[in-house]
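**Student:** Numbering of the sequence shown is given in our numbering, commencing with residue 3 and proceeding in unit increments.
Ideal Cβ placement from N, Cα and C applies to all residues, glycine included.
Attaching a single structure in structure tokens format; questions to follow.
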Amino acid sequence: MRLPILAIILAALCAAAPARRVPNAPAPAVTPKIQDRFTPTPYDLEQISGLLEERVRINLEKRLLRVDERRLLAGFEKRPGEQDWIGEHVGKYLHAGANAWLYTGDPRLKTQMDRIVRALIATQLSDGYLGTYTDDKRWTSWDVWVHKYDLLGLLAYYEITRYEPALASARKVGDLLVRTFGTGPGQRDIIASSTHVGMAASSVLEPMVLLYRQTGEPRYLEFCQYIVKAWEQPNGPKLISSLNATGSVFRTANSKAYEMMSDLVGLVELYRTTGDPALLKPAVAAWRDIQSRRLYISGTTSSHEHFQEDLSLRGEQSDDVGEGCATVTWMQLTMQLLRVTGEVQYAEELERTIYNQLLAAQNPADGDICYFTALNGEKSPTPGINCCVSSEPRGISMIPSLAWGRKDSGVAVLLYAGGRLESDLASLEMRTRYPMDGAVAITVKPASPARFPLYLRVPAWASTYTAVVNGERYSGAAGSFLTIDRTWYPGDVLQIHMDIAVRAISGKPTYSQSVAIQRGPQVLALEESLNAGLPSLDTAGPRSTSLNLRDVSRELPVTWLGKQGYAIDGQDDRTLTLVPFADAVSYRVWLSEPKAKSAN
Numbered sequence: 003m004r005l006p007i008l009a010i011i012l013a014a015l016c017a018a019a020p021a022r023r024v025p026n027a028p029a030p031a032v033t034p035k036i037q038d039r040f041t042p043t044p045y046d047l048e049q050i051s052g053l054l055e056e057r058v059r060i061n062l063e064k065r066l067l068r069v070d071e072r073r074l075l076a077g078f079e080k081r082p083g084e085q086d087w088i089g090e091h092v093g094k095y096l097h098a099g100a101n102a103w104l105y106t107g108d109p110r111l112k113t114q115m116d117r118i119v120r121a122l123i124a125t126q127l128s129d130g131y132l133g134t135y136t137d138d139k140r141w142t143s144w145d146v147w148v149h150k151y152d153l154l155g156l157l158a159y160y161e162i163t164r165y166e167p168a169l170a171s172a173r174k175v176g177d178l179l180v181r182t183f184g185t186g187p188g189q190r191d192i193i194a195s196s197t198h199v200g201m202a203a204s205s206v207l208e209p210m211v212l213l214y215r216q217t218g219e220p221r222y223l224e225f226c227q228y229i230v231k232a233w234e235q236p237n238g239p240k241l242i243s244s245l246n247a248t249g250s251v252f253r254t255a256n257s258k259a260y261e262m263m264s265d266l267v268g269l270v271e272l273y274r275t276t277g278d279p280a281l282l283k284p285a286v287a288a289w290r291d292i293q294s295r296r297l298y299i300s301g302t303t304s305s306h307e308h309f310q311e312d313l314s315l316r317g318e319q320s321d322d323v324g325e326g327c328a329t330v331t332w333m334q335l336t337m338q339l340l341r342v343t344g345e346v347q348y349a350e351e352l353e354r355t356i357y358n359q360l361l362a363a364q365n366p367a368d369g370d371i372c373y374f375t376a377l378n379g380e381k382s383p384t385p386g387i388n389c390c391v392s393s394e395p396r397g398i399s400m401i402p403s404l405a406w407g408r409k410d411s412g413v414a415v416l417l418y419a420g421g422r423l424e425s426d427l428a429s430l431e432m433r434t435r436y437p438m439d440g441a442v443a444i445t446v447k448p449a450s451p452a453r454f455p456l457y458l459r460v461p462a463w464a465s466t467y468t469a470v471v472n473g474e475r476y477s478g479a480a481g482s483f484l485t486i487d488r489t490w491y492p493g494d495v496l497q498i499h500m501d502i503a504v505r506a507i508s509g510k511p512t513y514s515q516s517v518a519i520q521r522g523p524q525v526l527a528l529e530e531s532l533n534a535g536l537p538s539l540d541t542a543g544p545r546s547t548s549l550n551l552r553d554v555s556r557e558l559p560v561t562w563l564g565k566q567g568y569a570i571d572g573q574d575d576r577t578l579t580l581v582p583f584a585d586a587v588s589y590r591v592w593l594s595e596p597k598a599k600s601a602n
């Protein structure tokens, strides 16, 4: 491990990071009744480095700063919009942009957001309407959905700027929704106002909870409670009763993944706010069902945008695998549950999704985004405006907030990205080449000697994990937190060593004659352009179950954008070159299973 060189690089990255002048976040009017067990480190108090930092920067430079402002606003400025859900994009942009600006402090992004927010607010009608529909089509199709993203974007912008007109605009939207929907005389049924058994419209639950917390207006909380009750109407999706009874997202409503998980994100926010445990139970049941029966090896879910039958995980191009919106909403649901429970299983799945499906959907050359990203096929990233091109930047903007944070009374390390963080307990600096290798050095710098626990996530795939500080050795169990509770002195260095395990993972039952190869957190793919002369990707695979990967990163073509490459002995005496799924272009993840067993 080349720590001196990495230290120089880390210092340069931190020094180069622009100063972030972030106003004090507005104090919410309502304190949640549930105190989070895990709290992410604020964006402006951290800096990551390495692979994840590179992809975050691409998201800023090649996507967010190049967004088509005209198309974001056109549907509001001249109603109706060009498509039913065109209005969602501005809110998604503002949410991603707020995260990215908090992290980078980039003045270009701040100027762009200022301009877009002011233009958006200028289109709001006197009654609070901020959609893209004509008056005769209000509250049909995706109209409430559009207002949901208006609210999320305006509230995110308000929280980083304290720009009062943004909160005032959000209040107007909230008041309009409260007046329009409900069970009173002349009010509309929110379930009947959108597609997918009302799940699209009722996902406005999340920002309405946030609006209530920010303002303390009881009518907003009452509206949230109305939505939850409406789910159980005869025409509703029965989210709570169905998930409690069946534990199956496939057997709930019409199994539409993006919208259902969006509703559940809001449900966990409502649980955090009210403390009602009945609200958490169905969200946890849904998460467990997705994780155990409907999650691809790459950390995404859904085919043709719907949850499928138990363990039906076909990953071909024609299967429309892993809608980008579903990937990001899966991350959001998982993050919500990590925060309220502090449990390591949620951090484990976030790492899987980030290193595989999330980054695989982003083209590092130009920041374009894939709508779907198959496990066997060819990626088709695009620029422009569509739901996934707008959603994926939100997921990428979340990465720094998932690296580390406060857990209970200590500091938790979740993702082994290099970098630094500041907390009230101590500053931490992490030097590593992870996931290239498993050596990590963490320097702990409290202002003065202080006792607190450091929680280290031990990856579920790691067969060995040790940590040494001042000659004292600790061993971690895979899939758990290693807790080191001690008095820390300024400059203490914690040396971590974990094996980057290589595993062949069976494709059964969907791919019964296939295996996928995973190295540490990364799923590998057989890349067509790096395996010239191979008769067919479809029939290629490792020679035996003894997987001996050889690092061939330095042999990759100069035109190849990725930095990792691995060779393995393949069938028919051929050498196969594998790369991370996140870097692949035309490829297969599911390979022909070995014909020979390991000699061991």
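Please state whether DSSP places L417 in a helix, a strand or coil.
**Tutor:** Correct three-state label for L417: coil.
**Student:** Flag this pair as yes or no: are the beta carbons of N550 and D571 separated by less than 8 Å?
**Tutor:** Contact flag set, yes.
**Student:** Identify the continuous beta strand (DSSP E) that holds T468 and give its terminal residues.
**Tutor:** T468 -> beta strand (DSSP E) spans 467 to 471.
**Student:** Pull up the distance between the alpha-carbon of Q310 and that of A449, whole angstroms please.
**Tutor:** Each residue's alpha carbon lies about 52 Å from the other.
**Student:** Rounded to a whole number of angstroms, what is the C-alpha to C-alpha distance between E318 and G249?
**Tutor:** Distance between the alpha carbons of E318 and G249 is about 27 Å.
**Student:** Going by other Cβ atoms of all chains shown within 10 Å of its Cβ, with 16 needed for buried, is N26 buried or exposed?
**Tutor:** With fewer than 16 other Cβ atoms within 10 Å, it is exposed.
**Student:** Below 8 Å between beta carbons: does that hold for A518 and V587?
**Tutor:** No.
**Student:** May I ask you to verify whether the segment 552 to 572 touches the segment 348 to 362, counting CB pairs closer than 8 Å and requiring at least 3?
**Tutor:** In short, these stretches do not touch, since the Cβ pair count stays below three.
**Student:** Can you tell me which of the three DSSP states S304 falls into?
**Tutor:** The answer is coil: DSSP assigns S304 none of H, G, I, E or B.
**Student:** Using the three-state DSSP reduction, which class does H198 fall into: helix, strand or coil?
**Tutor:** Note: H198 maps to coil in three-state DSSP.
**Student:** Determine, using beta carbons only, whether H149 comes closer than 8 Å to chain C.
**Tutor:** Although the question refers to chain C, the structure presented lacks it and comprises just one protein chain.
**Student:** So what does DSSP say about Y476, is it helix, strand or coil?
**Tutor:** DSSP places Y476 in strand when its eight states are reduced to three.
**Student:** Please classify K597 as buried or exposed, where buried requires at least 16 other C-beta atoms within 10 Å of its C-beta.
**Tutor:** With fewer than 16 other Cβ atoms within 10 Å, it is exposed.
**Student:** Below 8 Å between beta carbons: does that hold for K283 and N246?
**Tutor:** Taking 8 Å as the Cβ cut-off, K283 and N246 qualify as a contacting pair.
**Student:** Assuming P28 contacts E161 under a Cβ cut-off of 8 Å, what Cβ separation, rounded to an integer in Å, is found between them?
**Tutor:** 6 Å between Cβ atoms; contact.
**Student:** Considering only the beta carbon of each residue, do L104 and D46 sit closer than 8 Å?
**Tutor:** Yes.
**Student:** Using CA coordinates, which residue listed in Y436, R475, F483 is at the minimum distance from L458?
**Tutor:** It is F483 whose Cα lies nearest to the Cα of L458.
**Student:** Cα-Cα, which of R296, D265, D291, S294 is closest to L281?
**Tutor:** Nearest option by C-alpha distance: D265.
**Student:** Can you round the beta-carbon distance between D501 and T466 to whole angstroms, since I take them to be within the 8 Å contact cut?
**Tutor:** Between T466 and D501 the Cβ distance is about 5 Å, and since that is below 8 Å, they are a contact.
**Student:** Does the segment 138 to 157 come into contact with the segment 89 to 99, if we say contact requires no fewer than three beta-carbon pairs (one atom in each stretch) closer than 8 Å?
**Tutor:** In short, these stretches touch, since the Cβ pair count reaches three.
**Student:** Drop a sphere of 10 angstroms on the beta-carbon of Y159, count the other beta-carbons inside from all chains shown, and report buried for 16 or more, exposed for fewer.
**Tutor:** Looking at its Cβ environment, which holds 16 or more other Cβ atoms inside 10 Å, Y159 is buried.
**Student:** If you draw a straight line from the alpha carbon of K314 to that of P511, how long is it in whole angstroms?
**Tutor:** The sequence given here places Ser at residue 314; Lys does not occur at that position. Taking the straight line joining both Cα atoms gives about 8 Å.
**Student:** Flag S264 as yes when its Cβ comes closer than 7 Å to any non-hydrogen atom of the ligand ADP, and as no otherwise.
**Tutor:** You won't find the ligand ADP in this model; it holds no ligand whatsoever.
**Student:** Sorted by chain position, which residues of the same chain lie with C-beta nearer than 8 Å to A168's C-beta, five sequence neighbours on each side aside?
**Tutor:** V119, I123, L156, L157, Y159, Y160.
**Student:** Which residue's Cα is closest to the Cα of V581: E530, Q573, A534, E595?
**Tutor:** Comparing Cα positions, the closest option is E530.
**Student:** Residues in the same chain with beta-carbon distance under 8 Å from K35, minus the five sequence neighbours each way, listed in chain order, please.
**Tutor:** Cβ neighbours of K35 beyond the five flanking positions: R274, T275, T276, G277.
**Student:** Mark G407 as exposed unless 16 or more other C-beta atoms lie within 10 angstroms of its C-beta, in which case mark it buried.
**Tutor:** By the 10 Å Cβ count, G407 comes out buried.
**Student:** Should I292 be labelled buried (16 or more other beta-carbon atoms within 10 Å of its own) or exposed?
**Tutor:** Classification of I292: buried, given that the 10 Å Cβ count is 16 or more.
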